[in-house]
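Peer 1: I'd like to ask you about the structure that follows.
Number of protein chains: 2
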Amino acid sequence: MAQEQKDQVDENFVKEKEAAFAEFIQRKGLKTTRQRNTIISTFFRLRGHISVEELLTEVKKANPRIGYATVYRTLHLLVESNLVDERRFGYGLARYEGHSDVEHHDHMICLECGMISEFFNPRLEALQEKLAEENNFTIFRHRLELYGACQDKEACDRRKNQKAAEAQGA
Amino acid sequence: MAQEQKDQVDENFVKEKEAAFAEFIQRKGLKTTRQRNTIISTFFRLRGHISVEELLTEVKKANPRIGYATVYRTLHLLVESNLVDERRFGYGLARYEGHSDVEHHDHMICLECGMISEFFNPRLEALQEKLAEENNFTIFRHRLELYGACQDKEACDRRKNQKAAEAQGA
DNA sequence: GTCGAAAATGAAAATTGTTTTCGTAATCCA
DNA sequence: TGGATTACGAAAACAATTTTCATTTTCGAC
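So the protein lines, in turn, are chains A and B.
As numbered in my numbering, residues 1161 to 1330 make up the first sequence, in order.
As numbered in my numbering, residues 1161 to 1330 make up the second sequence, in order.
Structure, rendered in structure tokens:
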């Protein structure tokens, strides 16, 4: 499964992001470094909502000398460059999401299996705009998170078990 | 302004909450203490979305010996008793909100002056339910936060200046 | 290419917000 | 009014993140 996913990495997507980041670095007068390249290349090969720890673990496989500080610093740059969104579901722990096609979207989070799915609905967006307008408010951005449970209990259990197994193995 | 607000404290509201908390404490077999009484009485006299620090500052005026630990512990009890909601807007810092009439509501947060206003819209709720259903998902709770700016720049500036002044004074 | 200023790195220390520990004190039911 | 139970407060621990600082790397000017 994870294997399968890894094989599906879209090299063009990764290249595109790398290029965009390089452009950003250039524009800001910052410097290109091996570490940053490793980190962003690793980041965009992963999918989903990645924690710093998860990313660092992967990054260390390519270069074990890279530490938390550099990963944090690079993630901040990625956020600043608008290539990545920072999310905080529930408590503390930040997660980072490299957005692909869908620019903006909201999230549904299953409290059982941890599944995070994304959705976008123009009527919802419009309604928010309308409500903001009624309150003399201008929206820059918003966040909407639906917490609940999958209705497909089988799939949900499967994911839950897999997660448990992974936690075991780690 | 703050003065005016202080005078408007609804003593019945405070009494009601104190009684409800006492009942909760009783039901759980916990003990009534002077500190807890001070904290909840102080809390429900404040309004808005209160941080632990803000609360502690007020509490210390009544009893300077009360420290962070007890405030945190009491806030947890308040959340557990359902008399208070915990919110986390944007980053880290938890804020606590003693809910009055409106059970559930969402928030608009002005990034300029920090104003937090609350709203509720049944169509929005219904639409969320519909979208969840389409994704075979059951919502337990949700959070929606609109980040942006007040359109009334004058009022916004006034609040911003007041906040700056308060920060000065503190 | 090489110099040198500017920026980046990594390890460790610092910060922030919050929780836990632990010895002492208060509560409250029998 | 014990005395077991619970709470308190100060300080230590914690987890996530940021900063510091000495060292190394980058890259444009020469």
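Note that the Cβ used here is the ideal one computed from N, Cα and C, for glycine as well.
1) From the beta carbon of Leu1284(A), is the nearest beta carbon of chain B less than 8 Å away?
2) Look at the Cβ atom of Gly1274(A), then the Cβ atom of Ala1292(B), and state whether they are nearer than 8 Å.
3) Just to make sure I have the definition right: I need the residues of chain B whose C-beta is within less than 8 Å of the C-beta of Asp1312(A). Which are they?
4) In this structure, how does DSSP classify Glu1263(B) when only helix, strand and coil are distinguished?
5) Under a three-way DSSP split, which group does Val1151(B) fall into?
6) For a quick check, are the C-beta atoms of Tyr1256(A) and Leu1237(A) less than 8 Å apart?
7) Determine, using beta carbons only, whether Gln1288(B) comes closer than 8 Å to chain A.
8) Label Val1169(B) either buried or exposed according to how many other C-beta atoms from any shown protein chain fall within 10 Å of its C-beta, with 16 as the threshold for buried.
9) Does the contact criterion of 3 or more C-beta pairs under 8 Å hold for the stretch 1209 to 1227 of chain B versus the stretch 1177 to 1193 of chain B?
10) Suppose the cutoff is 7 Å on Cβ atoms and the five residues either side in sequence are ignored; what does the same chain contact list for Leu1243(B) look like?
11) Taking the alpha carbon of Phe1300(A) as the reference point, which residue from Glu1294(A), Cys1310(A), Gln1311(A), Gln1288(A) has its own alpha carbon closest?
12) With 8 Å as the threshold, decide whether the Cβ of Leu1291(B) is near any Cβ in chain A.
13) Interface residues of chain B around Asn1242(A) at Cβ under 7 Å?
14) Are Thr1198(B) and Ile1226(B) closer than 8 Å when you measure CB to CB?
15) Would DSSP call Asp1170(A) helix, strand or coil?
16) Run the proximity test for Lys1221(B): is its beta-carbon closer than 7 Å to any non-hydrogen atom belonging to the ligand HEM?
17) Touch check for the stretch 1264 to 1281 of chain A and the stretch 1266 to 1286 of chain B: three-plus C-beta pairs under 8 Å?
18) In chain A, what lies closer than 7 Å to Ile1276(B) by C-beta?
19) Taking 8 Å as the limit between beta carbons, can you name the residues of its chain near Val1231(B), skipping five residues before and five after?
20) At which residue ranges does the stretch 1262 to 1322 of chain B contain complete beta strand (DSSP E) runs of 3 or more residues, listed in the order of the chain?
21) Taking only three categories from DSSP, how would you classify Arg1247(B)?
22) Would you verify that the beta carbon of Glu1305(A) is, or is not, closer than 8 Å to some beta carbon of chain B?
23) How many whole angstroms separate the CB atoms of His1302(A) and Glu1305(B), which I take to be in contact at a CB cut-off of 8 Å?
24) Can you tell me the Cα-Cα spacing of Lys1320(B) and Arg1248(B), whole angstroms?
25) Arg1194(A) by DSSP, collapsed to three states: which one?
26) Distance check for Ala1229(A) and Phe1404(B), CA to CA, integer angstroms please.
27) When the Cα atoms are used, what is the spatial distance from Glu1171(A) to Gln1195(A)?
Peer 2: Straight from the coordinates:
1) yes
2) no
3) Asn1296
4) coil
5) The structure shown does not extend to residue 1151(B), since chain B is modelled only from 1161 to 1330, so the question has no answer here.
6) no
7) yes
8) exposed
9) no
10) Lys1177, Ala1180, Phe1181, Gly1258
11) Gln1288(A)
12) yes
13) Chain B residues near Asn1242(A): none, gap ~16 Å exceeds 7 Å.
14) yes
15) coil
16) For the ligand HEM, the structure offers nothing, since it holds no ligand at all.
17) no
18) By Cβ distance, chain A contributes nothing, its closest Cβ being about 11 Å from Ile1276(B), past 7 Å.
19) Ile1199, Val1212, Leu1215, Leu1216, Val1219
20) 1266 to 1270, 1276 to 1279, 1297 to 1310
21) strand
22) yes
23) 6 Å
24) 21 Å
25) helix
26) Outside the displayed span of chain B (1161 to 1330) sits residue 1404(B), for which this structure offers no information.
27) 19 Å
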